[in-house]
Amino acid sequence: MLIHRPALTRFLIERQRAGLINADLRLLIETCARACKAISVQVHKGALANVLGSAGTHNVQNEEQKKLDVISNEILLEANEWGGNLAALASEEMEKPAQIPLPHPKGEYLLLFDPLDGSSNIDVNISVGTIFSVLRCPKGLDEPGESAFLQPGRTQVAAGFAVYGPSTLLVLTVGDGTHGFTLDPYMGSFVLTHPGIRIPEDTAEFAINVSNMRRWESPVKRYIEECLAGKDGLRGKDFNMRWVASMVADVFRVLSRGGIFMYPRDARYKDGRLRLMYEANPMAFIVEQAGGAATDGHIPILDVQPASLHQRVAVILGSKNEVERVTSYHLGSE
Ligand code: F6P
Ligand code: MN
8 MLIHRPALTR
18 FLIERQRAGL
28 INADLRLLIE
38 TCARACKAIS
48 VQVHKGALAN
58 VLGSAGTHNV
68 QNEEQKKLDV
78 ISNEILLEAN
88 EWGGNLAALA
98 SEEMEKPAQI
108 PLPHPKGEYL
118 LLFDPLDGSS
128 NIDVNISVGT
138 IFSVLRCPKG
148 LDEPGESAFL
158 QPGRTQVAAG
168 FAVYGPSTLL
178 VLTVGDGTHG
188 FTLDPYMGSF
198 VLTHPGIRIP
208 EDTAEFAINV
218 SNMRRWESPV
228 KRYIEECLAG
238 KDGLRGKDFN
248 MRWVASMVAD
258 VFRVLSRGGI
268 FMYPRDARYK
278 DGRLRLMYEA
288 NPMAFIVEQA
298 GGAATDGHIP
308 ILDVQPASLH
318 QRVAVILGSK
328 NEVERVTSYH
338 LGSE
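The numbers in the sequence shown follow the numbering used here, run straight up by one, and end at 341.
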């Protein structure tokens, strides 16, 4: 029997008819999805296409850029500059926002992206991905600069991420839940395979880079020590640990079966390691829409007022009850 699953195009058209998104936002999301398909092709060709290894350059955070970081950034820029729905774009790989080049018309949205998340994993053939976030551009700006983008994550109108893994997945929210699509490589279309994702409220699985333990603040140390004590400790149950070191893959696992994902502040990364605008905000929107929670240890990520485009933030996200526990340890309110 044939299984009728809607493709991304139909999913978006239905949301447009329901008044949740307009035609411009629909086109913008479809364009991002198309760019992700193109990046997926490059990622999966790997060494055959000579796309692995370093580009020999550094980004604004002085991180080494991989060839695929640069290629993915170019694919997203080229795909998005001519549609007429964007006022400007910002990327983790570019110091300043990119303007829409003439002769293309400008639109009402701002797009932010991490073109290739987890890029330290590219050369060892582990899942990587793309994360994106869409904001409305404040009115009356001719050339929107950094300040136009500095809106709390709560104002996002859409967010999504792709995972280039054993299959290519796209996870998306436009504010009516979180939905997952699998790329059918033969048809070239994203098919709705994970509608209405819900994160279980409880979990016995945590994800954190334990090699940083000596640098953590005490609330995080306390939480992980309690997990590690397992059945014999205060929690009275055993916990499992997973750490892919690609946020996209770790967050997709949390969306699939629950879990808590943390990249806390530490003695090295005093503000946290992950980027608020390109990673934490879109993931927090997606996780909240799936019934999970996301905080910086003190307040919801989505309520953090950004001060700069490339700012970093501590991230604690996933199964609601565990995120609330870690947050209460920070607030001293448990
Ligand atoms: O983009 C930053 C990132 O690659 C995330 O995808 C991932 O969660 C994290 O860094 C991995 O950090 P570490 O190298 O400390 O494991
Ligand atoms: Mn990243």
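All C-beta atoms in this analysis are idealised placements derived from N, C-alpha and C, irrespective of residue type, glycine included. All of these numbers come straight from a predicted model, not from anything done at the bench.
Query raised in the report: Per DSSP, what kind of secondary structure is residue 160 in: helix, strand or coil?
Result: If DSSP states are grouped into helix, strand and coil, residue 160 belongs with the helices.
Report task. Could you check the C-alpha separation between residue 135 and residue 206 for me, to the nearest Å? Result -> Distance between the alpha carbons of residue 135 and residue 206 is about 22 Å.
Query raised in the report: Whose CB is closer than 5 Å to a heavy atom of the ligand MN? List the residues in chain order.
Result: Spelled out in chain order, the answer is 121, 124.
Requested in this report: Using only the heavy atoms of the ligand F6P, determine whether one of them is closer than 7 Å to the beta carbon of residue 216.
Outcome: For the ligand F6P, at least one heavy atom lies less than 7 Å from the Cβ of residue 216.
Query raised in the report: Under the criterion of a Cβ to heavy atom distance below 7 Å, does residue 248 qualify as lining the ligand F6P?
Result: No - the ligand F6P has no heavy atom lying nearer than 7 Å to the Cβ of residue 248.
Query raised in the report: Thinking just about the alpha-carbon of each residue, which of 324, 227, 229 is nearest to the one in residue 259?
Result: Here the closest residue by C-alpha is 324.
Query raised in the report: Can you round the beta-carbon distance between residue 319 and residue 280 to whole angstroms, since I take them to be within the 8 Å contact cut?
Result: At roughly 6 Å, the Cβ-Cβ gap stays under 8 Å, so residue 319 and residue 280 are in contact.
Report task. With DSSP as the reference, please indicate the residues paired to residue 47 in a beta bridge. Result -> Beta-bridge pairing links residue 47 to no other residue.
Query raised in the report: residue 361: beta carbon under 7 Å from a heavy atom of the ligand F6P?
Result: Outside the shown range of the chain, which is 8 to 341, sits residue 361, and nothing can be said about it.
Query raised in the report: Using DSSP with H/G/I as helix, E/B as strand and the rest coil, what is residue 340?
Result: Of the three classes helix, strand and coil, the one that applies to residue 340 here is coil, per DSSP.
Query - Backbone CA spacing between residue 269 and residue 230 [nearest angstrom] - result: Distance between the alpha carbons of residue 269 and residue 230 is about 11 Å.
Query raised in the report: Can you tell me whether DSSP reads residue 25 as helix, strand or coil?
Result: Coil.
Requested in this report: Verify the contact flag: residue 319, CB atom, against every heavy atom of the ligand F6P, threshold strictly below 7 Å.
Outcome: Because no heavy atom of the ligand F6P lies under 7 Å away, the Cβ of residue 319 does not count as near it: no.
Query raised in the report: With 16 as the cutoff for other CB atoms within 10 Å, does residue 78 come out buried or exposed?
Result: Buried.
Query raised in the report: Rounded to the nearest angstrom, how far is the Cβ of residue 170 from that of residue 181, given a contact under 8 Å?
Result: The C-beta distance from residue 170 to residue 181 rounds to 19 Å, too long to meet the 8 Å contact threshold.
Report task. Please confirm whether any heavy atom of the ligand F6P lies closer than 7 Å to the CB of residue 252. Result -> Checking the Cβ of residue 252 against the ligand F6P gives yes.
Report task. Would you list the one or two residues that DSSP bridges to residue 248? Result -> In the DSSP assignment, residue 248 is bridged to 213.
Report task. May I have the straight-line CA-CA distance separating residue 65 from residue 334, to the nearest angstrom? Result -> Roughly 35 Å between the two C-alpha positions.
**Report entry** Proximal residues to residue 272 (C-beta, below 7 Å), its chain only, five neighbours per side dropped
**Finding:** Within its own chain, the residues whose Cβ lies closer than 7 Å to the Cβ of residue 272, once the five positions on either side in sequence are excluded, are 224, 278, 279, 321, listed in chain order.
Query raised in the report: For residue 187, does the count of other Cβ atoms within 10 angstroms reach 16, so buried, or fall short, so exposed?
Result: By the neighbour-count definition (other C-beta atoms within 10 Å, threshold 16), residue 187 is a buried residue.
**Report entry** Residues that residue 188 bridges to, as DSSP identifies them
**Finding:** In the DSSP output, where bridge partners are listed per residue, residue 188 has 177, 199.
Query raised in the report: When the distance is taken between beta carbons, is residue 87 closer than 8 Å to residue 114?
Result: Not a contact, by the Cβ cut-off of 8 Å.
**Report entry** Terminal residues of the alpha helix (DSSP H) in which residue 289 lies
**Finding:** Residue 289 -> alpha helix (DSSP H) spans 288 to 296.
Report task. Report whether the distance from the Cβ of residue 212 to the nearest heavy atom of the ligand F6P is below 7 Å. Result -> No.
Query raised in the report: By DSSP, does residue 377 sit in helix, in strand, or in coil?
Result: Residue 377 cannot be examined here, being either before or after the span of the chain that is shown, 8 to 341.
Query raised in the report: Alpha carbon to alpha carbon, what distance is there between residue 98 and residue 75?
Result: Answer to the nearest angstrom: the Cα atoms are 14 Å apart.
Query - Alpha-carbon spacing of residue 47 relative to residue 299, whole angstroms - result: Near 28 Å, if we compare the C-alpha coordinates of residue 299 and residue 47.
Report task. Pick helix, strand or coil for residue 109, following the three-state DSSP scheme. Result -> The answer is coil: DSSP assigns residue 109 none of H, G, I, E or B.
Requested in this report: Could you spell out where the beta strand (DSSP E) holding residue 324 opens and where it closes?
Outcome: For residue 324, the enclosing beta strand (DSSP E) covers residues 322 to 325.
Query raised in the report: Looking only at its own chain, which residues have a Cβ that is under 6 Å from the Cβ of residue 226, when we skip the five neighbours before and after it?
Result: Taking C-beta separations shorter than 6 Å and ignoring five residues to either side along the sequence, the partners of residue 226 in its chain run 336, 337, following chain order.
Report task. Could you tell me the distance, in whole angstroms, from the CA atom of residue 133 to the CA atom of residue 147? Result -> Whole-angstrom Cα-Cα distance: 44 Å.
Query - Separation of residue 290 from residue 122, as counted between CA atoms - result: Rounded to the nearest angstrom, the two C-alpha atoms are 14 Å apart.
Requested in this report: For residue 116, collect the residues of the same chain with a Cβ closer than 8 Å to its Cβ; drop the 5 residues on either side in sequence, then sort them by chain order.
Outcome: Here residue 116 has 31, 32, 35, 92, 93, 94, 141, 142, 143, 144, 164 as same chain residues with Cβ atoms under 8 Å from its own Cβ, once five neighbours each way along the sequence are excluded.
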